[in-house]
Amino acid sequence: MSFQFRFLFLLLLFLRYMMLTFITTQKAQKVEMKYLLVLCLLIFTDGSSAWRRFFRGRSKDGLGTPNLSRDHNLADDLWFQQELDHFDPTNTQTWHQRYFMNKQFYKPGGPVFIMIGGEGEASAKWMAEGQWIEYAKQFRALCFQLEHRFYGKSHPTQDLSIKNLIYLTSEQALADLAYFIEGMTHLHQISSGTKFIVFGGSYPGSLAAWMRMKYPHLVHGAVSSSGPLLAKIDFQEYYTVVEDALKTHSQACVDSIAAANKQFHAMLRHRIGQQDLSKLFKLCDPLDPAATKKNDISNLYETIASNFAEVVQYNKDNRDSSKTANITIDTICDVLVDEKQGIPIERLGAVNNLLLKANNETCLDYRYMKMIDELRNVSWKAEASEGGRQWFYQTCTEFGFFQTSTARPELFSEMFPVDFFVQQCTDVFGPRYNIHLLESSVERSNLLYGGLHIEVSNVVYVHGSIDPWHALGITKSSNPLTPAIYINGTAHCANMYPALPSDLPDLVKARQKVGAIIRDWLK
6 MSFQFRFLFL LLLFLRYMML TFITTQKAQK VEMKYLLVLC LLIFTDGSSA WRRFFRGRSK
66 DGLGTPNLSR DHNLADDLWF QQELDHFDPT NTQTWHQRYF MNKQFYKPGG PVFIMIGGEG
126 EASAKWMAEG QWIEYAKQFR ALCFQLEHRF YGKSHPTQDL SIKNLIYLTS EQALADLAYF
186 IEGMTHLHQI SSGTKFIVFG GSYPGSLAAW MRMKYPHLVH GAVSSSGPLL AKIDFQEYYT
246 VVEDALKTHS QACVDSIAAA NKQFHAMLRH RIGQQDLSKL FKLCDPLDPA ATKKNDISNL
306 YETIASNFAE VVQYNKDNRD SSKTANITID TICDVLVDEK QGIPIERLGA VNNLLLKANN
366 ETCLDYRYMK MIDELRNVSW KAEASEGGRQ WFYQTCTEFG FFQTSTARPE LFSEMFPVDF
426 FVQQCTDVFG PRYNIHLLES SVERSNLLYG GLHIEVSNVV YVHGSIDPWH ALGITKSSNP
486 LTPAIYINGT AHCANMYPAL PSDLPDLVKA RQKVGAIIRD WLK
């Protein structure tokens, strides 16, 4: 029920109550007062949430955690003192960064493996299982995982205000890793000839490659999984890959989405259609010409498109932290091609409701300003502080990565072009954060790291064909010092999770190939 509707209903009830005070008994007045109090509570109670489980190509859980095969005594939280600003020697502020350690498999003289934390909370589960742990067993490695500054429990500042977020950059994160390596080397008396190998998936996959490039005297090799290396504002290729992934089920699946999009657009033009859409998609606030703004509609289109992006990006991976892990491309496409479930728009609504139910959500929140207000919250206790505000800041100041509808308007509409995302940067962080800042920031990132022309050695790039992020990564390489492994049929960071009997043969081979490359590095 929308706020406006609740308010109007309450007003009418209040007027009724005032009339009853003159024509009814005291008992009747008390009964009506009870109803009035209940409606007052409804005004301030809203079961919806402005925050989304999948935002800007990032799961609310970040990378996610491996699906553990058994119970483990998980690693304890450990803390390492870092400088707030590694590049200003006059700034002496420090803070404590969380990390985990596993020395169960370590043999003196063995290598040191570091898993790089990223745009979400680090998990001790990664210290127990995951493909990198299998490599650690094989090569008798000492293992560390370092949580990224400003994510999880690693809070360098009192809040997430803009004056503090200036210390949230990939450069500072890489410097954190460099000082961490030096600190652990001293603390654990690691010999000078020890080889350090870094691992990362998604944004940490980028950091892994950049770490080897920037600090080759500290890091001997890097496994970069699903890491986007090219900063780009209009990441229109993202939904091109999503469409191609859906086609692996059938062309009929894609055709159904396109047909539903046309019906959606037509229904938005009249009142009855808006009412039907509100019911079909279980919108938290019914579409209302008087209250629904253009940005609300754009956000609605983008949110529905994100349903498909989330399923595609994490298709059939072995994550434990995802409520939608059992919902795959096949699951949603089976619904979309099933004519027994109605016309295309009804099937699209069924997919939306399937995901709402899986996430224990009662309605779809599409209000633009609700989202903006949540992203503006600078408190560590805010829902967006689990990574949403931080990652959004990094996209607005370093990478872009805006997944627009530019390349696929017939499939997901043309309602969320690049301007829609740039406007969000301005609305959340202020007028300075505009297209001009974005252009210079993206240019700077590609200048710092080289984009797809990065000059580095001892890095292996691993990507899945279904993962939309592979479009900004290196999937082919003729350089034996920087091989690329492209896995057909797999999604985001699939090679990092624990193996399953159902894993595709190409995925099994990819894990084996990475192991062989690490062996060569350690010779």
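Under the numbering used here, residues 6 to 528 are what the sequence shown spells out, in order. Don't be surprised by glycine CBs; every beta carbon is placed ideally from N, CA and C.
{"Query": "Cβ pair count under 8 angstroms reaching 3, the region 378 to 390 against the region 206 to 224", "Result": "no"}
{"Query": "Bounding residues of the alpha helix (DSSP H) (the contiguous stretch that carries Gln395)", "Result": "Gly393 to Gln399"}
{"Query": "Reduced DSSP category for Tyr111 - H, G, I as helix; E, B as strand; rest coil", "Result": "coil"}
{"Query": "Rounded C-alpha distance that separates Met501 from Ala271", "Result": "43 angstroms"}
{"Query": "Opposing strand residues paired with Ser445 [DSSP bridges]", "Result": "Bridge partners of Ser445: none, in fact."}
{"Query": "Option nearest Asp508 by Cα separation, candidates Leu361, Gly469, Thr336 and Pro473", "Result": "Gly469"}
{"Query": "Paired residues, beta bridge with Met120 - DSSP", "Result": "Gln150 and Phe204"}
{"Query": "Beta-carbon contacts of Leu273 that lie in its chain and below 8 angstroms, excluding the five residues immediately before and after", "Result": "Gln279, Leu282, Leu292 and Ile302"}
{"Query": "Spatial neighbours of Tyr549 in its chain, beta-carbon cut-off 6 angstroms, leaving aside the 5 residues before and after", "Result": "Residue 549 cannot be examined here, being either before or after the span of the chain that is shown, 6 to 528."}
{"Query": "Test item: CB-CB of Phe404 and Ser450 under 8 angstroms", "Result": "yes"}
{"Query": "Simplified DSSP assignment, three categories, for Val461", "Result": "coil"}
{"Query": "Phe49 to Lys375 span [Cα, whole Å]", "Result": "Unreliable placement is indicated for Phe49, whose pLDDT of 38 sits below 50; no coordinate value is reported for it."}
{"Query": "Cβ-based neighbour list, Glu415, same chain, cut-off 6 angstroms, excluding 5 preceding and 5 following", "Result": "Ala263"}
{"Query": "Three or more C-beta pairs below 8 angstroms linking the region 137 to 150 and the region 167 to 183", "Result": "no"}
{"Query": "Length of the line joining the Cα atoms of Tyr438 and Arg103", "Result": "30 angstroms"}
{"Query": "Runs of beta strand (DSSP E) lying entirely within the region 246 to 295, each at least 3 residues, in chain order", "Result": "none"}
{"Query": "Simplified DSSP state of Gln177, which is helix, strand or coil", "Result": "helix"}
{"Query": "Sub-8 angstroms separation of Val228 and Val465 beta-carbons", "Result": "yes"}
{"Query": "Reduced DSSP category for Gly226 - H, G, I as helix; E, B as strand; rest coil", "Result": "strand"}
{"Query": "7 angstroms Cβ shell around Lys528 - same chain, five flanking residues per side excluded", "Result": "none"}
{"Query": "Stretch-stretch touch, CB-based, cutoff 8 angstroms, three pairs: the region 327 to 341 with the region 232 to 249", "Result": "no"}
{"Query": "Own chain partners of His153 with C-beta closer than 6 angstroms, once the 5 adjacent residues on each side are dropped", "Result": "Gly122, Gly123 and Ala178"}
{"Query": "Spatial neighbours of Pro209 in its chain, beta-carbon cut-off 6 angstroms, leaving aside the 5 residues before and after", "Result": "Ile121 and Gly123"}
{"Query": "The region 232 to 240 in contact with the region 470 to 479 per 3-pair CB rule at 8 angstroms", "Result": "yes"}
{"Query": "Residues near Lys518 in its chain [Cβ-Cβ closer than 7 angstroms; skip 5 each side]", "Result": "Ile490"}
{"Query": "Boundaries of the alpha helix (DSSP H) in which Glu344 is found, first to last residue", "Result": "Counting along the chain, Glu344 falls outside any alpha helix (DSSP H), and DSSP gives it neither H nor E."}
{"Query": "Under the three-state DSSP convention, the category Val383 falls into", "Result": "coil"}
{"Query": "Cβ-Cβ distance between Ile348 and Gln268 below 8 angstroms", "Result": "yes"}
{"Query": "Residue from Thr402, Gln109, His225 and Tyr454 with nearest C-alpha to Ser78", "Result": "What sits at residue 78 in the sequence shown is Asn, not Ser. Among Thr402, Gln109, His225 and Tyr454, the Cα nearest to that of Asn78 belongs to Gln109."}
{"Query": "Closest residue to Phe149 among Asp82, Ser166 and Glu88 (Cα-Cα distance)", "Result": "Asp82"}
{"Query": "Glu88 - DSSP class collapsed to helix/strand/coil", "Result": "strand"}
{"Query": "Counted within 10 angstroms of its Cβ, other Cβ atoms place Ser166 as buried (16 or more) or exposed", "Result": "exposed"}
{"Query": "Helix, strand or coil at Thr336 according to DSSP, with G and I counted as helix", "Result": "helix"}
{"Query": "The beta strand (DSSP E) enclosing Tyr491, as first and last residue numbers", "Result": "Ala489 to Ile492"}
{"Query": "Cross-strand partners of Met106 (DSSP beta bridge)", "Result": "Phe149"}
{"Query": "C-alpha gap between Ile459 and Glu307, whole angstroms", "Result": "32 angstroms"}
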